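Below you'll find the structure, written out as C-alpha coordinates, and then a few comments.
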Amino acid sequence: MSDKKSISVDKVREIEGTLSSNDIEIDYKASYPDKDKNSIYRVLRNEFGYFMVFKSVGWRTEDFLKKRIRELQKDDELVRDHGGFKVKIKIIDVK
(Lines of atoms letter the chains of each structure in order from A and count residues from 1; the text may use other names and numbers.)
(Lines give C-alpha, C1' and ligand atoms only; values in the text may rest on other atoms or scores of the structure.)
Protein backbone atom coordinates (compact mmCIF):
# COMPACT_ATOMS: atom_id res chain seq x y z
CA MET A 1 0.00 0.00 0.00
CA SER A 2 1.31 3.46 -0.77
CA ASP A 3 2.30 6.05 1.80
CA LYS A 4 -0.43 8.50 0.84
CA LYS A 5 -3.63 8.48 2.83
CA SER A 6 -6.43 6.40 1.27
CA ILE A 7 -9.79 8.03 0.69
CA SER A 8 -12.77 6.33 2.30
CA VAL A 9 -16.33 6.57 0.89
CA ASP A 10 -19.81 5.34 1.82
CA LYS A 11 -21.17 4.04 -1.52
CA VAL A 12 -19.36 0.93 -2.74
CA ARG A 13 -19.56 -1.43 -5.69
CA GLU A 14 -18.77 -5.12 -5.27
CA ILE A 15 -17.25 -7.62 -7.67
CA GLU A 16 -16.71 -11.34 -7.26
CA GLY A 17 -14.19 -13.45 -9.06
CA THR A 18 -12.23 -16.66 -9.26
CA LEU A 19 -8.51 -16.70 -9.83
CA SER A 20 -6.30 -19.68 -10.70
CA SER A 21 -2.52 -19.74 -10.56
CA ASN A 22 0.08 -22.38 -9.70
CA ASP A 23 -2.60 -25.08 -9.20
CA ILE A 24 -4.30 -22.91 -6.55
CA GLU A 25 -7.79 -21.53 -7.09
CA ILE A 26 -9.27 -18.76 -4.99
CA ASP A 27 -12.72 -17.19 -4.90
CA TYR A 28 -12.77 -13.59 -3.77
CA LYS A 29 -15.04 -10.59 -3.32
CA ALA A 30 -13.77 -7.03 -3.69
CA SER A 31 -15.45 -3.73 -2.92
CA TYR A 32 -14.45 -0.30 -4.17
CA PRO A 33 -16.02 3.18 -4.39
CA ASP A 34 -19.10 3.56 -6.58
CA LYS A 35 -20.20 6.57 -8.61
CA ASP A 36 -21.85 9.19 -6.45
CA LYS A 37 -23.18 12.46 -7.84
CA ASN A 38 -23.18 13.94 -4.33
CA SER A 39 -19.64 12.94 -3.43
CA ILE A 40 -17.10 15.55 -2.36
CA TYR A 41 -14.60 13.73 -4.59
CA ARG A 42 -14.69 14.92 -8.19
CA VAL A 43 -13.58 11.54 -9.55
CA LEU A 44 -16.69 9.88 -8.11
CA ARG A 45 -19.04 12.62 -9.39
CA ASN A 46 -17.77 12.69 -12.96
CA GLU A 47 -18.77 9.74 -15.19
CA PHE A 48 -15.66 9.89 -17.39
CA GLY A 49 -13.30 10.50 -14.46
CA TYR A 50 -14.76 7.51 -12.64
CA PHE A 51 -14.30 5.32 -15.70
CA MET A 52 -10.68 6.41 -16.16
CA VAL A 53 -9.73 5.67 -12.55
CA PHE A 54 -11.70 2.49 -11.93
CA LYS A 55 -11.68 0.73 -15.33
CA SER A 56 -8.67 -1.33 -14.23
CA VAL A 57 -9.91 -2.42 -10.79
CA GLY A 58 -10.60 -6.01 -11.89
CA TRP A 59 -7.27 -6.90 -13.45
CA ARG A 60 -5.22 -4.90 -10.94
CA THR A 61 -6.96 -6.76 -8.11
CA GLU A 62 -6.14 -10.07 -9.79
CA ASP A 63 -2.48 -9.05 -10.20
CA PHE A 64 -2.39 -8.05 -6.52
CA LEU A 65 -3.79 -11.46 -5.49
CA LYS A 66 -1.52 -13.45 -7.85
CA LYS A 67 1.55 -12.00 -6.13
CA ARG A 68 0.24 -13.33 -2.79
CA ILE A 69 -1.62 -16.46 -3.91
CA ARG A 70 0.54 -18.95 -1.98
CA GLU A 71 0.03 -17.16 1.35
CA LEU A 72 -3.73 -16.52 1.05
CA GLN A 73 -6.11 -18.35 3.37
CA LYS A 74 -9.89 -18.58 3.51
CA ASP A 75 -11.50 -15.52 5.18
CA ASP A 76 -8.38 -13.32 4.73
CA GLU A 77 -9.18 -9.64 4.31
CA LEU A 78 -6.83 -7.40 2.38
CA VAL A 79 -6.86 -3.72 1.48
CA ARG A 80 -5.02 -2.18 -1.44
CA ASP A 81 -4.72 1.35 -2.75
CA HIS A 82 -6.20 2.25 -6.14
CA GLY A 83 -5.78 5.88 -7.11
CA GLY A 84 -5.98 6.97 -3.48
CA PHE A 85 -9.15 4.97 -2.85
CA LYS A 86 -9.40 1.75 -0.81
CA VAL A 87 -10.17 -1.56 -2.49
CA LYS A 88 -11.18 -4.11 0.15
CA ILE A 89 -10.72 -7.77 -0.76
CA LYS A 90 -12.13 -10.78 1.08
CA ILE A 91 -10.99 -14.30 0.26
CA ILE A 92 -14.08 -16.54 0.14
CA ASP A 93 -12.43 -19.89 -0.56
CA VAL A 94 -9.04 -21.41 -1.39
CA LYS A 95 -8.88 -24.73 -3.28
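Each residue of the sequence shown is one higher than the last, beginning at 51 in the working numbering. The C-beta atom is built at its ideal place from N, Cα and C for all residues, glycine as well. As the structure is a prediction and not an experimental result, all values here were calculated from the model.
- The DSSP-derived three-state label of ARG118 is coil.
- C-alpha of LYS79 to C-alpha of ASN72: approximately 20 Å in a straight line.
- For VAL93, the uninterrupted alpha helix (DSSP H) run begins and ends at 92-95, by DSSP.
- Cα atoms of GLU121 and VAL144: separation of roughly 10 Å, rounded to the nearest angstrom.
- With 16 or more neighbouring CB atoms inside 10 Å of its own CB, ARG130 falls in the buried class.
- Taking a C-beta distance under 8 Å as the contact criterion, LEU115 and ILE74 do not qualify as a contact pair.
- The three-state secondary structure of GLY133, taken from DSSP, is coil.
- Nearest neighbour of GLY67 by Cα position, chosen from VAL107, GLY134 and GLY133, turns out to be VAL107.
- Secondary structure note for ASP77: its beta strand (DSSP E) is the uninterrupted segment 74-83.
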